[in-house]
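Protein chains in written order, with my numbering: chain A, 541 to 856; chain B, 541 to 856.
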């Protein structure tokens, strides 16, 4: 499936860090970085851009802050064609703490927001643009938003200067028809904007939803090594690259990073397809209850988890 | 997605048995059976129908033969609405060893064949029909068949009395567009036939390909508990049932069977998404080399496996 304008973004450290509070060694982050560079991946999201006042370094690792001195220790001057991205969570970053782009190794700031925060997101994203960054806005949890609210948010985004807007399947509850409908809605509401897709794998549909988005004109594709990410994780980047067969990408360096750095983490944290994540996904719910269950000693008692979910009759 | 005429077939014992030579305890098979009955699943494929002369009972378990006395030990008289199916491999079953349907607990015989065997498959399937069975023909490995050969096979099937024909993604190499194209081709070539889908999960597309097939008119849907099956396994039946939200099915009994019987097998055999299976799937190759690799001590050395594949440049 040759598309000249595809851009693949690796989110392993940023989304995977949601499972271990970004407590990755420099060696791990360097391994992911090296894999992305050699594979020809376009962007690597290396963490969150947060203010030091919002979190304690005793609790979270350096990739929750993406301070330039931490970045530089791992990627040097990043004298490569790989662009680095950081995600900004509204309310967790003081705009004054964002350096001008020409003083930072970060190339792109992605602003994640819920529909009701879209005005704040636009303000922050345009602030970052004015500082010289590439920017996107990633509209989260849209599978639970009513159509009128979503339409209003999209109309606001259409009027903004932000050039790239993401379809985000936060709960992993969407499938080909719902993804296609959303992508077409976004494209119609925001002519001229580039679109992205960020999928979760609760129903083993992250890869498929990414491909469906691509077929429908989305060009920014998020994925992670071995699908590492919150809960059921994301679209596995190695599947996406193997599928695309695009001459600008190479699979082997990603496999190397997986076997050396990512796979060992499977012994420590339970991302990926597990039944509790399926249940929240199929119910279109936030994965937090499933994540809590997976952290308990009853994690393999799927029947009890389903019974505990308040409205399990939905699926029963 | 309400469709009145959907039928779901659980293939856990039959396809999962390819990973352990059908060495399942009676308790396991009974657990799967009970789960299917209580969940309202339509069919359970309980194994292969093979002649005793083709395999040794010292090597393979009873579900390679599906002898009625073994069946009866597990399901009694099967006084339920669940129908039992067995798969017949051409050349491994002497037609004389197939009892009349009214003397057997088996309700359906599925004949698996390659395109070049389609005449033999039609003969065997019609032989089973004459003995009173429901039948299907499952045309394997079509992703490697040239279009003229496939068209000829479909034309032969169209002329047969066999009422149900399966689209089979043997190598897990297909995706939404290729699946849609195949389903439409099958429907056009064989008007009046019912269609089925049997997917493999090498690229994490088994669930998605099953849904795409359903959207395009396929009504017989194969799936297995926790995706248990050869290599990367199949469409996970618990995802399919959770997705369908069809009032005739219940999810909870399937989760019970998974946690009690199927999940413990994950400690013993490596079905499901693993990088070697991804590589054969993306290359549209039979998974046998990946299965061999997964049985070796180097199973987590994905880079070496990819280099060893003869024409790995395809993906590199």
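Ideal Cβ placement from N, Cα and C applies to all residues, glycine included. Note that this is a predicted model, so its numbers are computed, not measured.
Proximity test, Cβ basis, 7 Å: residue i and chain B
i, result
"residue 822 of chain A", "yes"
"residue 806 of chain A", "no"
"residue 722 of chain A", "no"
"residue 747 of chain A", "yes"
"residue 715 of chain A", "yes"
"residue 818 of chain A", "yes"
"residue 559 of chain A", "no"
"residue 669 of chain A", "no"
"residue 799 of chain A", "yes"
Limits of the unbroken beta strand (DSSP E) element including residue i
i, result
"residue 653 of chain B", "648–653"
"residue 726 of chain A", "Not the beta strand (DSSP E): residue 726 of chain A falls in the alpha helix (DSSP H), residues 716–729."
"residue 736 of chain B", "734–738"
"residue 587 of chain A", "583–588"
"residue 674 of chain B", "674–679"
"residue 669 of chain A", "Note, residue 669 of chain A: premise wrong, no beta strand (DSSP E); alpha helix (DSSP H) at 658–670."
"residue 625 of chain A", "623–629"
"residue 553 of chain A", "Note, residue 553 of chain A: premise wrong, no beta strand (DSSP E); alpha helix (DSSP H) at 552–556."
"residue 705 of chain A", "704–708"
Test: residue i CB closer than 7 Å to a CB of chain A
i, result
"residue 625 of chain B", "no"
"residue 711 of chain B", "no"
"residue 796 of chain B", "yes"
"residue 849 of chain B", "no"
"residue 577 of chain B", "no"
"residue 768 of chain B", "no"
"residue 743 of chain B", "yes"
Unbroken alpha helix (DSSP H) run spanning residue i, endpoints
i, result
"residue 615 of chain B", "608–615"
"residue 818 of chain B", "815–822"
"residue 690 of chain B", "687–699"
"residue 754 of chain A", "746–755"
"residue 905 of chain B", "Past the edges of chain B, shown from 541 to 856, lies residue 905 of chain B, and the structure says nothing about it."
"residue 844 of chain A", "842–848"
"residue 797 of chain B", "792–797"
"residue 782 of chain A", "777–784"
Own chain partners of residue i with C-beta closer than 6 Å, once the 5 adjacent residues on each side are dropped
i, result
"residue 820 of chain A", "827 and 830"
"residue 641 of chain B", "671, 672 and 673"
"residue 786 of chain B", "none"
"residue 611 of chain B", "645"
"residue 666 of chain A", "701"
"residue 751 of chain B", "none"
Cβ neighbours of residue i in the same chain (closer than 7 Å, five flanking residues each side left out)
i, result
"residue 833 of chain A", "816, 839 and 845"
"residue 795 of chain B", "778"
"residue 573 of chain A", "584, 614 and 615"
Cβ-heavy atom distance, residue i to the ligand ADP, below 6 Å
i, result
"residue 848 of chain A", "The model on display carries no ligand, and the ligand ADP is accordingly not part of it."
Chain-ordered chain E contacts of residue i [CB-CB under 8 Å]
i, result
"residue 803 of chain A", "Here the protein chains are A and B, and chain E is not one of them."
Proximal residues to residue i (C-beta, below 8 Å), its chain only, five neighbours per side dropped
i, result
"residue 647 of chain B", "583, 623, 624, 625, 641, 673 and 674"
Specify whether the region 649–669 of chain B and the region 628–641 of chain B touch according to this definition: at least 3 beta carbon pairs, one from each stretch, less than 8 Å apart. With three or more CB-CB distances shorter than 8 Å, the region 649–669 of chain B counts as touching the region 628–641 of chain B.
Determine which residues of the region 774–793 of chain A have a Cβ less than 8 Å from any Cβ of chain B, and write them out in chain order. 776, 778, 779, 782, 783, 785, 790, 791 and 792
Segment contact flag, the region 774–791 of chain B with the region 566–573 of chain B, C-beta cutoff 8 Å, min 3 pairs: no
Would you check if the region 593–604 of chain B and the region 799–812 of chain B touch, i.e. whether three or more CB-CB distances between them fall below 8 Å? no
Within the chosen definition, does the region 754–765 of chain B reach the region 756–764 of chain A through at least 3 CB pairs nearer than 8 Å? no
Taking a Cβ distance cut-off of 8 Å, strictly less, list which residues of the region 752–764 of chain B are near chain A, in chain order. Taking 8 Å as the Cβ-Cβ cut-off against chain A, the residues of the region 752–764 of chain B that qualify are 752 and 755.
Tell me which residues of the region 831–848 of chain B have at least one Cβ-Cβ distance to chain A shorter than 7 Å, keeping chain order. 840, 841, 842, 843 and 846
Assess, as a yes-or-no matter, whether the region 794–810 of chain B is touched by the region 720–729 of chain B under the definition of 3 or more beta carbon pairs within less than 8 Å. no
Given 8 Å as the limit, is there contact between the region 790–804 of chain A and the region 736–754 of chain B, that is, 3 or more CB pairs closer than that? Segment contact: the region 790–804 of chain A against the region 736–754 of chain B, fewer than three CB-CB distances shorter than 8 Å; contact not assigned.
Counting beta carbon pairs with one atom in the region 582–597 of chain B and one in the region 547–557 of chain B, are three or more of them shorter than 8 Å? yes
Is the region 688–707 of chain B touching the region 605–620 of chain B in the sense that three or more CB pairs, one from each, lie closer than 8 Å? no
Closer than 8 Å, Cβ to Cβ, to anything on chain A: give me those residues from the region 565–593 of chain B, in chain order. none
Using 8 Å as the Cβ pair cut-off and three pairs as the minimum, do the region 709–719 of chain A and the region 674–683 of chain A touch? yes
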